[in-house]
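Have a look at the structure below, then the notes.
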Amino acid sequence: MAGKFFFIDTTRCTACRGCQTACKQYKKHGVTKTKQYGTYQNPPDLDGNTFRLVRFMEHPAKTNSMVWYFFTEACRHCLKPPCKKKADQILKDAIIVKDYGAVLYTKKTKDLEKSFKAIKQACPWSIPTWSKEEDQIVKCNMCYDRVEAGLPTACSKACPTGALNFGEEAEMKKLANEHLKAAKKKFGGKGEILDLEDVRALYLIIDEQMKYRPVA
Ligand code: SF4
Ligand code: SF4
Ligand code: SF4
């Protein structure tokens, strides 16, 4: 299926949070009040004001005292979105899919408040959030207004290291293959692209998946 894809090379992410901030700025989202809870990750999870979150995961390492993995998380814009499948059983087309692949939560999701938990649970990564401000279910909408104007997403445009990329499927898959090859060379054969057949946000990782984000 053609369309737009993200490619995220986690080995290039410096956790600068440029993507997270650019998303907030473009969406005019306010800050989320939080507190120090033992990590530089902030806020603790995606929320109505945070459609993209850079996760910080720390682990003991053999050669160093610890290793840090950074993971810029947002909706994967699944090819067959389980959230939409669940929502359609309750209210048809409250969630729609654009021809280039953006999965969009419409204003109709306001009427899905009672089913919100089930829709969130249907997402393998627990991405959807209930927004009190917007009074509906929300998440990353692939900057559809920018994309339809021929622009890249705000988050990918802001990334200074080449970790977060956005573009046509063929271009992103080519990039993913090139980065995978380079990663395997650099990290002793380690490296994989996650969920290649299922999502429009392809992540390159070099360690066990569960070390990059909490299990949903
Ligand atoms: S990642 Fe989750 S919220 Fe996004 S389209 Fe897939 S199931 Fe839906
Ligand atoms: S694509 Fe747009 S809405 Fe989605 S995380 Fe990036 S900046 Fe935010
Ligand atoms: S902008 Fe790029 S390098 Fe910075 S946190 Fe986001 S993905 Fe990582």
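Going by our numbering, the sequence shown opens with residue 137, and the numbers climb by one from there.
Just so you know, even glycine gets a beta-carbon here, dropped at the ideal spot from N, CA and C.
message: Using the three-state DSSP reduction, which class does V167 fall into: helix, strand or coil?
response: Within the sequence shown, the letter at position 31 stands for residue 167. The three-state reading of DSSP puts V167 in coil, since its state is none of H, G, I, E or B.
query: Would DSSP call A151 helix, strand or coil?
result: As a position in the sequence shown, residue 151 is number 15, starting the count at 1. Residue state, collapsed to three classes: coil.
DSSP three-state assignment for K326, whether helix, strand or coil: Taking the sequence shown and counting its residues from 1, the one referred to as residue 326 is at position 190. Coil.
query: Are at least three pairs of beta-carbons, each pair with one atom in the region 279-292 and one in the region 155-162, less than 8 Å apart?
result: Remark: three or more beta-carbon pairs, one from each stretch, lie closer than 8 Å, so the region 279-292 and the region 155-162 are flagged as touching.
query: So is Y173 buried or exposed if we call it buried at 16+ other beta carbons inside 10 Å?
result: As a working mapping, residue 173 is identified with position 37 in the sequence shown. Result: exposed.
query: With burial defined as no fewer than 16 other Cβ atoms inside 10 Å of the residue's Cβ, what is the status of Y176: buried or exposed?
result: Counted from its first residue, the sequence shown places residue 176 at position 40. Per the 10 Å Cβ criterion, exposed.
task: Using beta-carbon positions only, say whether T208 and V190 come within less than 8 Å of one another.
output: Translated into positions along the sequence shown, residue 208 becomes position 72. Translated into positions along the sequence shown, residue 190 becomes position 54. Cβ atoms of T208 and V190: closer than 8 Å.
- request: For the alpha helix (DSSP H) containing R191, list its first residue and its last residue.
  value: Your numbering for residue 191 matches position 55 in the sequence shown. According to the DSSP assignment, R191 belongs to no alpha helix (DSSP H) but to the beta strand (DSSP E) extending over 189-196.
- request: Determine the contact status of N301 and F143, defining contact as a CB-CB distance below 8 Å.
  value: Stepping through the sequence shown from its first residue, residue 301 is reached at position 165. Stepping through the sequence shown from its first residue, residue 143 is reached at position 7. Yes. Within cutoff.
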